[in-house]
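From first to last, the protein sequence lines stand for chains A and B.
Using this note's numbering, the first residue of the first sequence is number 1, and each one after it goes up by one.
Using this note's numbering, the first residue of the second sequence is number 114, and each one after it goes up by one.
Structure record follows, encoded as structure tokens.
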Amino acid sequence: EADIYQTPRYLVIGTGKKITLECSQTMGHDKMYWYQQDPGMELHLIHYSYGVNSTEKGDLSSESTVSRIRTEHFPLTLESARPSHTSQYLCASSEEGTAETQYFGPGTRLLVL
Amino acid sequence: AQSVTQLGSHVSVSEGALVLLRCNYSSSVPPYLFWYVQYPNQGLQLLLKYTSAATLVKGINGFEAEFKKSETSFHLTKPSAHMSDAAEYFCAVSAGGYQKVTFGTGTKLQVIP
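This is the structure in structure tokens:
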């Protein structure tokens, strides 16, 4: 079944730790995205990729980095987590085309102490 | 530049009553418009989208939305609310192609039995 997966679903870590949020999709989509979601606020695009070896920063400044070595995999890394990174992170993918639908993973809820 | 404004961060309706969630957009080019739904602890899922064909768009779960250019609106409606409709709803706009999608701040729908 074609789907998009995110792990872990929940993560509690201490300040200064390095973390990687995993995102994988089985739909063969070239376009992938990372959003940050906080209550009462719009989704903020923090990274996106239009294919293998393509990564771009989004509208919201983020201290995270991403990589796209394989089509299906788009991990997000925080080298040194801080309390300000506490948020929900949503991964999404979409196919090529105009007005394409974005397919979202279930999200990773991150709490940095 | 593009943006969406969702009027009302929380909307409550009785079961069986009309659901109306408001969305106004701003776009410098003819827009593509979307409604997504997010159930608790899940990612966003597409309800419907407007791609410049019919102005009245029907989506899943009995929802529909009407594109009104003169009012720059794309309100979401459902004739009769069901308990399972309780969720958060996001309106979004895009210029299409490689242009990014801009999401609204969301409206939480509560359905009262």
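For glycine and all other residues, C-beta sits at the position ideal for the given N, C-alpha and C.
Around the Cβ of residue 76(A), a 10 Å sphere holds 16 or more other Cβ atoms; the residue is buried. For residue 196(B), the three-state secondary structure derived from DSSP is helix.
For residue 74(A), no beta strand (DSSP E) run applies, since DSSP gives it neither H nor E. Under a criterion of Cβ atoms nearer than 8 Å, no residue of chain A is adjacent to residue 137(B); the nearest Cβ is some 14 Å distant. Under the three-state reduction of DSSP output, residue 217(B) falls in the coil class, being neither helix nor strand. DSSP lists no bridge partner for residue 182(B).
At least 8 Å separates the beta-carbon of residue 206(B) from that of residue 143(B).
Residue-level contact by beta carbon fails for residue 28(A) and chain B, as no gap is shorter than 8 Å. Shown here, residue 175(B) sits in a helix according to DSSP, grouped into three states. Under the Cβ criterion of 8 Å, residue 214(B) is counted among the residues facing chain A.
By the criterion of a C-beta distance shorter than 8 Å, residue 18(A) is surrounded in its chain by 77, 78, 79, 80 and 81, once the five residues flanking it on both sides are discounted.
Note that the C-beta distance between residue 66(A) and residue 85(A) is not below 8 Å.
About 14 Å separates the Cβ atoms of residue 88(A) and residue 33(A), ruling out a contact at the 8 Å cut-off.
The beta carbon of residue 104(A) falls within 8 Å of a beta carbon belonging to chain B, placing the residue at that interface. Taking a beta-carbon distance threshold of 8 Å, residue 90(A) counts as an interface residue toward chain B. DSSP places residue 207(B) within a strand segment (E or B) once states are collapsed to three. The C-beta of residue 115(B) comes no closer than 8 Å to any C-beta of chain A.
For the region 152-181 of chain B, the beta-carbon criterion of a distance under 9 Å to any beta-carbon of chain A is satisfied by 154, 155, 156, 157, 158, 159, 162, 163, 164 and 165.
Looking at the backbone, the Cα of residue 203(B) and that of residue 215(B) are separated by about 10 Å. From the beta-carbon of residue 145(B), the residues of chain A found nearer than 8 Å are 98 and 99. Secondary structure note for residue 81(A): it is in no beta strand (DSSP E), with a DSSP letter that is neither H nor E. At least one CB atom of chain B sits nearer than 8 Å to the CB of residue 107(A).
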